[in-house]
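So the structure is just underneath, and the comments pick up after that.
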Amino acid sequence: MKRKLSGFYKKLYAAFGPQGWWPGDSPFEVMVGAILTQNTSWHNVEKAIGNLKESSVLQPNKLLKMGNARLARLIRPAGYYNIKTRWLKEFLRFFAREYNAKVSAMSSVQTSFLRGELLKVHGIGPETADSMLLYALNKPVFVVDAYTKRILSRHGLVKSDASYQEIQDLFRKNLKNSVKLFNEYHALLVKLGKDFCLKNKPKCQICPLK
DNA sequence: CACCAGGCAAGTA
DNA sequence: TACTTGCATGGT
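Just so you know, we're using our numbering here: the first sequence kicks off at 37 and counts up by one.
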């Protein structure tokens, strides 16, 4: 399994090169983006974040003080704008209450504990929490998403009903726990998923992993 | 027109 | 526990 997983990575990297995730000017922006991108194309999230920047409100205090109606209007392009407004505020309240809205304070907390705290926040599930940990705070945590499950399942590395934890453990146990590696690997799986491993096309003859 | 996107929570049985 | 549904815009 170790050879298999590192072999996949080498093939993906050779096929697609570095992906440059996560685009964003600051860790805070990455965390906001992690919530906005839930089941939503990144393209649409960029529009929403662009609106926040254009209005100069992409800061914890400003977003917290803003009325829900205005925030919802600004993030509208990201879809689910009403529920994401509430979830964003849930996270912002947590961030302000526990860490004084400081990334440095949040980042100094032990990773597994912080992950548990994030999962208690309404609107933050495993993928969003892990995306924040890896891409905003540079913690060596593997992000599992729908593409990861589909690709690993189709290549016979996990059962089709494997849980999030099961898949995450597979990467943790069989790869060097490296932020750089986890960062690039997840992004490459998404790239492969978009280009070759689509939902409706179970068979792929030109998959770079073959 | 149908389908999907860098998920999550709540409801039902 | 295991399934289903609501949330919503915008690109292909």
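Ideal Cβ placement from N, Cα and C applies to all residues, glycine included.
Check                                                                                                          : Outcome
Residue from Asn236, His222 and Cys240 with nearest C-alpha to Phe44                                           : His222
Asn219 classed as buried or exposed, judged by whether at least 16 other C-beta atoms fall within 10 angstroms : buried
Extent of the continuous alpha helix (DSSP H) to which His191 belongs                                          : Careful: His191 lies outside any alpha helix (DSSP H) and carries neither H nor E.
Cβ-Cβ separation, Asn80 to Gly115 (assumed contact under 8 Å), whole Å                                         : 6 Å
Burial state of Pro96, where buried means 16 or more other Cβ atoms lie within 10 Å                            : buried
Cβ-Cβ distance between Ile187 and Gly229 below 8 Å                                                             : yes
Residue nearest to Arg190 in terms of C-alpha spacing, selected from Cys240, Pro113 and Met37                  : Cys240
Sub-8 Å separation of Gly159 and Trp123 beta-carbons                                                           : yes
Asp197 classed as buried or exposed, judged by whether at least 16 other C-beta atoms fall within 10 angstroms : exposed
Sufficient close CB pairs (3 or more, under 8 Å) joining the region 102 to 109 to the region 118 to 133        : yes
C-alpha distance - Val139 paired with Lys227, whole-angstrom precision                                         : 29 Å
CA-to-CA distance, Val157 to Glu126, given in whole angstroms                                                  : 7 Å
C-alpha distance - Arg151 paired with Glu134, whole-angstrom precision                                         : 13 Å
Secondary structure of Asn104, DSSP reduced to three states                                                    : helix
Thr167 classed as buried or exposed, judged by whether at least 16 other C-beta atoms fall within 10 angstroms : The displayed chain sequence assigns Ser, not Thr, to residue 167. Flag for Ser167 reads buried.
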